[in-house]
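2 protein chains.
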Amino acid sequence: MFMPVGTQATVKSLQPRELKEIGSQFILGNTYHLWIRPGDDLIAKAGGLHKFMDWDQAILTDSGGFQVFSLADSRSITEKGVTFKNNIDGSTMFLSPEVAMKIQNNLGADIIMQLDEAVPYFETYDYVKKSTERSARWAQRALEAHKCSKQQALFGIVQGAGFRKLRENSAKDLASLNLPGYAIGGLSVGESKTEMNRVLDFTTQWLPENKPRYLMGVGAPDSLFDSVIRGIDMFDCVLPTRIARKGSLMTRFGRVVITNHKYKDDFSQLDENLDDYASTHFTKAYLHHLFNTNELLAYNLASIHNLRYLLKLMEDMRAAIENDQLLDLKEKVLEEYGYNKANARLF
Amino acid sequence: MFMPVGTQATVKSLQPRELKEIGSQFILGNTYHLWIRPGDDLIAKAGGLHKFMDWDQAILTDSGGFQVFSLADSRSITEKGVTFKNNIDGSTMFLSPEVAMKIQNNLGADIIMQLDEAVPYFETYDYVKKSTERSARWAQRALEAHKCSKQQALFGIVQGAGFRKLRENSAKDLASLNLPGYAIGGLSVGESKTEMNRVLDFTTQWLPENKPRYLMGVGAPDSLFDSVIRGIDMFDCVLPTRIARKGSLMTRFGRVVITNHKYKDDFSQLDENLDDYASTHFTKAYLHHLFNTNELLAYNLASIHNLRYLLKLMEDMRAAIENDQLLDLKEKVLEEYGYNKANARLF
Chain A
1 MFMPVGTQAT
11 VKSLQPRELK
21 EIGSQFILGN
31 TYHLWIRPGD
41 DLIAKAGGLH
51 KFMDWDQAIL
61 TDSGGFQVFS
71 LADSRSITEK
81 GVTFKNNIDG
91 STMFLSPEVA
101 MKIQNNLGAD
111 IIMQLDEAVP
121 YFETYDYVKK
131 STERSARWAQ
141 RALEAHKCSK
151 QQALFGIVQG
161 AGFRKLRENS
171 AKDLASLNLP
181 GYAIGGLSVG
191 ESKTEMNRVL
201 DFTTQWLPEN
211 KPRYLMGVGA
221 PDSLFDSVIR
231 GIDMFDCVLP
241 TRIARKGSLM
251 TRFGRVVITN
261 HKYKDDFSQL
271 DENLDDYAST
281 HFTKAYLHHL
291 FNTNELLAYN
301 LASIHNLRYL
311 LKLMEDMRAA
321 IENDQLLDLK
331 EKVLEEYGYN
341 KANARLF
Chain B
348 MFMPVGTQAT
358 VKSLQPRELK
368 EIGSQFILGN
378 TYHLWIRPGD
388 DLIAKAGGLH
398 KFMDWDQAIL
408 TDSGGFQVFS
418 LADSRSITEK
428 GVTFKNNIDG
438 STMFLSPEVA
448 MKIQNNLGAD
458 IIMQLDEAVP
468 YFETYDYVKK
478 STERSARWAQ
488 RALEAHKCSK
498 QQALFGIVQG
508 AGFRKLRENS
518 AKDLASLNLP
528 GYAIGGLSVG
538 ESKTEMNRVL
548 DFTTQWLPEN
558 KPRYLMGVGA
568 PDSLFDSVIR
578 GIDMFDCVLP
588 TRIARKGSLM
598 TRFGRVVITN
608 HKYKDDFSQL
618 DENLDDYAST
628 HFTKAYLHHL
638 FNTNELLAYN
648 LASIHNLRYL
658 LKLMEDMRAA
668 IENDQLLDLK
678 EKVLEEYGYN
688 KANARLF
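Line by line, the protein sequences are chains A and B. The opening position of the first sequence corresponds to residue 1 in my numbering, with each subsequent residue numbered one higher. The opening position of the second sequence corresponds to residue 348 in my numbering, with each subsequent residue numbered one higher.
So, in structure tokens, the structure goes:
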């Protein structure tokens, strides 16, 4: 399954009912952003994130760690946690495994994540080892601090960058906690696709087969196939909505940059293969016009379209798995998308 | 009836199906903007404006004149028409009664407007007289240039600023053309409400009772009542959607500036009186958060809300007219809205 990203208690430009309409059963919320604005206490007062944003399907919140390491300034990390200045008002904040649990308990998502350190992929073995072992200890502390384990499933996050031995140790440490699910972190952060597949190849074997496996931050069609084939069940990514707002549409026959002049008078559907509101009601020429005139409806329609493309792809994958045709589906989809063309425009 | 404004073939931030859901049966499109982008020829190729923007309800297009007089540079007006530089790419363009008809025939709206000169309210009697007489001649030329009078109803526009005699002459000139409807132009352009009511008082009597009367650019609740009472049937205004995007909500109990800090933890509905998606699914605190974090969904929800407020107000007025209770409704609505409070925040 694929989870659209709703960073600030909203999947950008979409109503909750529109998300349901395109088949989204799960969205992701960002703890870091919600902690700062409007604050987890306020969301708790509202009755939790589901109620605050009117989303009656499932939610997963991350731990806030990734944003602390990618957005915040003046970070310092110790065994206890991370001190940093936030990127909104510059005030100093402190995030620890316990704080991340307190915030996520307040937000009330269905799946919550342990705090881990988002280690850059090409750090030294010694640093990654130290960090990964600390993240495993943080998982233990998160479990102990978790106040409502019957309502919220706590996932651990396997780290270890590209080091087989560290990934193995991390997976085994977390598996020993018997958590309801496991994420694989520290991938899709700049390493090659071959490299990511190599890590997945040797990491998933150490994770329990009967627990969901979640690969964080992946949303390109070829990577989704590569990862599902290697045993991954869950994904999230800002890609479909972020490129949508720039005018890039994911279609069956590859990327369509709708702002391109050639679509000015193209009165064909956005994607004849798709059943969403945007694809069935509007032409490429109309969406070109909306982007050309900076109309807000452009972002909404393009986001609906791209998310439906990915959600439908996951539906097709699930059906193919049932029928043992996943490899056939992969070949067909990637061929049509243009992954095999020398000059294909992908993302 | 009230027509939401869809300047560039979209009512800003709203899907056509959302407009239908809130009871909009008619929208207005701006000829000036559509002529420049994407061009009326392109819209004709798309099958007309209804099809281009997927709107299967009615559309009225203006003549483009108002925007030429309010947005364009280097205007020069002669008997033949207006030459100007457009505000998008600065190129020189020429608009005449015949060109305005050609464009509007291409756009294919259900009601189309004659080209007139939008005269400033406080011009001299001599200038207004000259201009109003020319506008009446332009109405005649528009009628002669109209290519599809069975599909598109051409409305004339009464001008004459605040001069009783000029309004009378203008109305009589137009009435002699036996057009399917009449607009009153040159009001709501900076004159006082008392002044506008005075002009309506002496203008409507010269317009046929069996033809619709359209007051252009009016959307404040008190002015809508004042005008309906004086015999006006149709309105359009950017007010509800424009103030929505700034965070101003029109509610039963007056204007709510949702960006105000006091709404941060106000978990009440936007407006308990309204039945639209925004009012029934989201709290003031949530909308405050969306505006506070510059989320695109804010503009959509606030626009749905304000348009539904006005469309519902018109529904209530129609019912009140049927029951001969319009004055009672006016008193109740304006009292609740706060028009009688000394420090009321209106618009």
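Beta carbons are placed, not taken as given, at the ideal position from N, Cα and C, and that holds for glycine. Please read all numbers here as calculations on a predicted model, not as lab measurements.
Measure the beta-carbon distance from residue i to residue j and round it to whole angstroms, keeping in mind my assumption that it falls under 8 Å.
| i | j | result |
| --- | --- | --- |
| A/G156 | A/L187 | So it is not a contact: roughly 15 Å between Cβ atoms. |
| B/L637 | B/A645 | 4 Å |
| A/K150 | A/W206 | With 8 Å as the limit, A/K150 and A/W206 do not qualify as a contact, their Cβ atoms being about 27 Å apart. |
| A/V128 | A/A175 | 19 Å between Cβ atoms; not a contact. |
| A/A46 | B/T630 | 7 Å |
| A/V189 | A/Y121 | 5 Å |
| A/A139 | A/Q159 | Not really, about 10 Å apart at Cβ, beyond 8 Å. |
| B/D409 | B/N433 | Not really, about 16 Å apart at Cβ, beyond 8 Å. |
| A/G254 | A/K211 | The pair is not a contact, with the Cβ atoms about 35 Å apart (cut-off 8 Å). |
| B/F572 | B/M350 | Contact flag wrong, Cβ pair sits at about 17 Å. |
| A/T10 | B/E642 | 5 Å |
| B/A405 | B/Q372 | 6 Å |
| A/R1 | A/M314 | The question names Arg, but residue 1 of chain A is Met in the sequence shown. Confirmed, Cβ separation roughly 6 Å. |
How many angstroms separate the CA atom of residue i from the CA atom of residue j?
| i | j | result |
| --- | --- | --- |
| B/L654 | B/A500 | 25 Å |
| B/R422 | B/E464 | 12 Å |
| A/G310 | B/C584 | Note that residue 310 of chain A corresponds to Leu in the displayed sequence, not to Gly. In a straight line, the C-alpha of A/L310 is about 39 Å away from that of B/C584. |
| A/G81 | A/P97 | 7 Å |
| A/A302 | A/A244 | 5 Å |
| A/F347 | A/D271 | Caution is warranted here: a pLDDT of 46 is assigned to A/F347, below 50, making its placement in the model unreliable, and the coordinate value is therefore given only provisionally. Approximately 17 Å, taken between the alpha carbons. |
| B/K398 | A/A220 | 33 Å |
| A/W55 | B/A489 | 53 Å |
| B/S574 | B/L562 | 8 Å |
| B/G594 | A/S70 | 31 Å |
| A/S91 | A/V68 | 13 Å |
| B/T550 | B/N620 | 35 Å |
| B/E682 | A/P240 | 48 Å |
| B/L375 | B/L407 | 5 Å |
| A/L326 | B/I459 | 56 Å |
| B/N607 | B/L596 | 12 Å |
| B/E491 | B/T430 | 21 Å |
| B/E669 | B/M400 | 34 Å |
Buried or exposed: where does residue i fall if 16 or more other Cβ atoms within 10 Å of its Cβ makes it buried?
| i | result |
| --- | --- |
| A/K165 | exposed |
| A/D41 | exposed |
| B/Q355 | buried |
| A/I88 | exposed |
| B/N343 | Look at the range of chain B in this structure, 348 to 694, and you will see that residue 343 of chain B is not part of it. |
| A/R17 | exposed |
| A/H305 | buried |
| B/R484 | exposed |
| A/Y337 | buried |
| A/P38 | buried |
| B/N516 | buried |
| A/K330 | buried |
Of all the options the options, which has the alpha carbon lying nearest to the alpha carbon of residue i?
| i | options | result |
| --- | --- | --- |
| A/H146 | A/N105, A/I111 and A/S135 | A/N105 |
| A/R213 | A/K330, A/G185 and A/A220 | A/G185 |
| A/F267 | A/D222, A/T280 and A/S131 | A/T280 |
| B/Y610 | B/Y633, B/F510 and B/G528 | B/Y633 |
| A/E191 | A/M1, A/E123 and A/L107 | A/E123 |
| A/C148 | A/K193, A/M101, A/S131 and A/Y125 | A/M101 |
Please report the residue range of the alpha helix (DSSP H) in which residue i lies.
| i | result |
| --- | --- |
| B/M661 | L644 to E669 |
| A/P221 | P221 to I229 |
| A/R17 | P16 to E21 |
| A/F253 | Element bounds for A/F253: n/a, residue is neither H nor E. |
| A/G156 | Per DSSP, A/G156 belongs to no alpha helix (DSSP H); it is in the beta strand (DSSP E), A153 to V158. |
| A/A244 | L239 to R245 |
Residue range of the beta strand (DSSP E) that residue i falls in?
| i | result |
| --- | --- |
| B/A343 | In the structure displayed, chain B extends from 348 to 694; residue 343 of chain B sits before or after that span and is not available. |
| A/G29 | F26 to G29 |
| B/M350 | F349 to P351 |
| A/S74 | D73 to I77 |
| A/L95 | T92 to L95 |
Below 7 Å on C-beta distance, what does residue i contact in chain C?
| i | result |
| --- | --- |
| B/H397 | Of the protein chains in this structure, namely A and B, none is chain C. |
For the ligand MN, I want to know if residue i counts as a neighbour, meaning its beta carbon is within less than 6 Å of at least one of the ligand's heavy atoms.
| i | result |
| --- | --- |
| A/I304 | In the structure on display, the ligand MN does not appear, and there are no ligands present to speak of. |
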